[in-house]
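Colleague: One structure, pasted below without further comment.
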Amino acid sequence: MSDDFQARTLAGERTFRNLDVSDLDLSYEDIAGLNLRGCTFRKVDFSAAMLEGLYAVDCTFVGCKFARAHLSESKFERCTFYEADAECDFSSADLRLTTFSDCDLRLAKLENVRLFRANFEKTNATGANFYNAEIKGAIRLVECDFRMVDLRSADLKKCDLHKTNFEQAVLRDTNMSECDLTECNFAGADVWYLQVKGADLRGANLSSFNLREMDMSDTIIYKQQGEVLLQNAGITLVDKEV
Numbered sequence: 002m003s004d005d006f007q008a009r010t011l012a013g014e015r016t017f018r019n020l021d022v023s024d025l026d027l028s029y030e031d032i033a034g035l036n037l038r039g040c041t042f043r044k045v046d047f048s049a050a051m052l053e054g055l056y057a058v059d060c061t062f063v064g065c066k067f068a069r070a071h072l073s074e075s076k077f078e079r080c081t082f083y084e085a086d087a088e089c090d091f092s093s094a095d096l097r098l099t100t101f102s103d104c105d106l107r108l109a110k111l112e113n114v115r116l117f118r119a120n121f122e123k124t125n126a127t128g129a130n131f132y133n134a135e136i137k138g139a140i141r142l143v144e145c146d147f148r149m150v151d152l153r154s155a156d157l158k159k160c161d162l163h164k165t166n167f168e169q170a171v172l173r174d175t176n177m178s179e180c181d182l183t184e185c186n187f188a189g190a191d192v193w194y195l196q197v198k199g200a201d202l203r204g205a206n207l208s209s210f211n212l213r214e215m216d217m218s219d220t221i222i223y224k225q226q227g228e229v230l231l232q233n234a235g236i237t238l239v240d241k242e243v
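Going by the numbering used here, the sequence shown opens with residue 2, and the numbers climb by one from there.
This is how it looks when you write it as structure tokens:
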């Protein structure tokens with residue numbers, strides 16, 4: 002089946018349904034415009050492949066390599082990129098204008114990826130590594146699970162990140178200024194030098210924030226959240242004596 006898939010793509014075929022492909026080297030192949038539904042790929046090497054405009058629905062990718070792959074303007078819906086000890090590697094891939102919707106990207110390697118105007122919706126990326134990703138303030142994360150994700154030094158300024166779970170994430174020196182962070186969870190996150198100036202933080206879990214270490218000017222929060230921040234900074238509020 003694997004050799005058949007390669008032969009069919011070389012012949013120009015681009016639409017595939019319910020295929021099971023394993024242990025295939027497709028690195029550097031030009032197979033842009035693939036349309037996949039219900040397919041499974043195991044240990045397939047897509048390194049540096051031309052995959053622009055790929056559309057995948059209900060597909061599974063186990064231990065696949067997408068390092069340096071060209072995946073711009075692709076869309077993944079309800080796809081899984083994770084199995085125990087067999088995560089996928091997207092290191093240095095081009096994911097500009099790419100959408101992941103209802104996907105499982107747990108523990109994926111996404112170092113140095115290009116994410117300009119990428120879109121993540123209801124996607125589980127727990128433990129994924131986005132270190133040194135090229136974001137430049139244009140990415141959308143909505144209702145995603147980004148627990149324990151490494152986003153060190155990422156520039157997320159003015160991005161829509163609402164309802165995303167950043168519990169225990171590494172957000173050291175990350176720029177989230179002017180972001181929509183409503184109802185996000187930052188519990189236990191490493192927020193050393195996290196920048197949130199001008200962000201909307203209403204309803205967010207700010208238990209790991211410390212006013213002594215962060216510039217929170219122009220942020221929007223609820224009164225109850227402000228009390229938590231003051232408590233974290235060692236400031237006690239008392240009623241005015243009559």
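Glycine included, every Cβ here is placed at the ideal spot set by N, Cα and C.
From the DSSP secondary-structure annotation, give me the bridge partner or partners of Met51.
Modeller: Asp31, His71
Colleague: Thinking C-beta only, is Leu72 closer than 9 Å to Cys89?
Modeller: no
Colleague: Can you check whether the CB of Asn120 is closer than 9 Å to the CB of Phe91?
Modeller: no
Colleague: Assign Asp181 to one of three DSSP states: helix, strand, or coil.
Modeller: strand
Colleague: Does Asn125 pass the burial test, meaning 16 or more other C-beta atoms within 10 Å, or should it be called exposed?
Modeller: buried
Colleague: Quick check on Thr81: buried or exposed, where buried means 16 or more other Cβ atoms within 10 Å of its Cβ?
Modeller: Around the beta carbon of Thr81, 16 or more other beta carbons sit within 10 angstroms, so the residue counts as buried.
Colleague: Assuming Leu202 and Ala234 form a contact by the criterion Cβ under 8 Å, report the distance between their Cβ atoms to the nearest whole angstrom.
Modeller: Contact flag wrong, Cβ pair sits at about 16 Å.
Colleague: Provide the residue(s) that pair with Leu142 in DSSP beta bridges, ordered along the chain.
Modeller: Phe121
Colleague: Can you give the beta carbon distance from Arg153 to Arg173, rounded, assuming they're within the 8 Å contact cut?
Modeller: 5 Å
Colleague: Look at the Cβ atom of Arg38, then the Cβ atom of Asn19, and state whether they are nearer than 9 Å.
Modeller: Cβ distance < 9 Å, so Arg38 and Asn19 count as in contact.
Colleague: Restricting to Cα atoms, I'd like to know which of Asp103, Lys110, Leu35, Lys164 is closest to Ser75.
Modeller: Leu35
Colleague: Which two residues bound the contiguous alpha helix (DSSP H) that contains Glu84?
Modeller: Careful: Glu84 lies outside any alpha helix (DSSP H) and carries neither H nor E.
Colleague: Please classify Ser218 as buried or exposed, where buried requires at least 16 other C-beta atoms within 10 Å of its C-beta.
Modeller: exposed
Colleague: Given a threshold of 16 other Cβ atoms within 10 Å of its Cβ, counted over all protein chains shown, does Gln226 qualify as buried or as exposed?
Modeller: buried
Colleague: Near Asp181, what residues of its chain come up, given a Cβ to Cβ distance below 8 Å and the 5 sequence neighbours on each side ignored?
Modeller: Cys160, Asp161, Leu162, His163, Ala200, Asp201
Colleague: Would you mind reading off the limits of the alpha helix (DSSP H) that contains Thr41?
Modeller: Element bounds for Thr41: not the alpha helix (DSSP H) but the beta strand (DSSP E), 41-43.
Colleague: Could you give the DSSP three-state label for Thr127: helix, strand or coil?
Modeller: Annotated three-state conformation of Thr127 is coil, per DSSP.
Colleague: Between Ala139 and Phe167, how many whole angstroms is the CB-CB distance? I'm expecting something under 8 Å.
Modeller: No, Ala139 and Phe167 are not in contact; Cβ-Cβ is about 19 Å, not under 8 Å.
Colleague: Pick from Arg141, Thr175, Ala170, Cys145: whose alpha carbon is nearest that of Ala155?
Modeller: Closest option to Ala155, Cα to Cα, is Thr175.
Colleague: Report yes if the C-beta distance between Thr1 and Lys198 is below 9 Å; otherwise report no.
Modeller: In the structure displayed, the chain extends from 2 to 243; residue 1 sits before or after that span and is not available.
Colleague: Check the DSSP bridge columns for Glu135 and list the partner residues they point to.
Modeller: Arg115
Colleague: Helix, strand or coil: which one does DSSP assign to Gln169?
Modeller: In the structure shown, Gln169 sits in coil (DSSP, three-state: anything other than H, G, I, E or B).
Colleague: In chain order, what residues of the same chain have a beta carbon less than 7 Å from the beta carbon of Ala33, not counting five sequence neighbours either side?
Modeller: Met51, Leu52, Glu53, Gly54
Colleague: Can you look up Asn211 in the DSSP assignment and give me helix, strand or coil?
Modeller: coil
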